[in-house]
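The structure appears right after this line, and notes come after that.
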Amino acid sequence: MDTKTLIAAYYDAFNAGRTDEMLALLHDEVEHHVNEGGIRKGKALFADFNRHMTESYKETLTDMVIFANEAGDRAAAEFVVNGTYLKTDEGLPEAKDQTYRLPAGTFFTIRDGKIARVTTYYNLADWTRQVSQ
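Residue numbers for the sequence shown follow the numbering used here, beginning at 83 and rising by one.
Spelled out as structure tokens, the structure:
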């Protein structure tokens, strides 16, 4: 599978809530660089993150544009996160089913035909403003 198809499959699985399919597309030694957070290494920690996110947020990504370099070992995606804040996340405002719409982007490293790095960026201050109104 080429890099753009790999990234599209990853996000198709995300939008469908099929986190097991997302995990299948990841390299065993995946590094997940969290927005304004640390680095989680390995599929187990990525799976834990997905479980937490599924409990706290309901999100669908739209306006997806995927880029890849010619070698196919690096990629990026730009999209809009359309979400609902379901359960209060530690250190963040109280969740009351607030909705939000937030531009975001992710950078990827591809190794052995799998996603080996996921680095996501979004404006946390914008998200906080939207859910605090």
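C-beta atoms are modelled at their ideal positions from N, C-alpha and C, and glycine is treated no differently.
None of the values given here were measured: they were computed from a predicted structure.
Going by DSSP, Asn164 is part of the beta strand (DSSP E) stretching over 156-167. By a beta-carbon distance limit of 8 Å, Tyr204 contacts Ala186. Their separation comes to about 4 Å. Note: Glu141 is bridge-paired with Gly165 in the DSSP secondary-structure output. Here Arg133 carries a helix assignment [DSSP, helix/strand/coil]. Here the region 137-150 lies against the region 88-107, with 3 or more beta-carbon pairs under 8 Å apart.
Linking Ala198 to Trp209 through their CA atoms gives a straight-line distance of about 27 Å.
Here His134 is exposed, its C-beta having fewer than 16 other C-beta atoms within 10 Å. DSSP places Asp110 inside the beta strand (DSSP E), whose first and last residues are 108-115. Here Thr210 carries a helix assignment [DSSP, helix/strand/coil].
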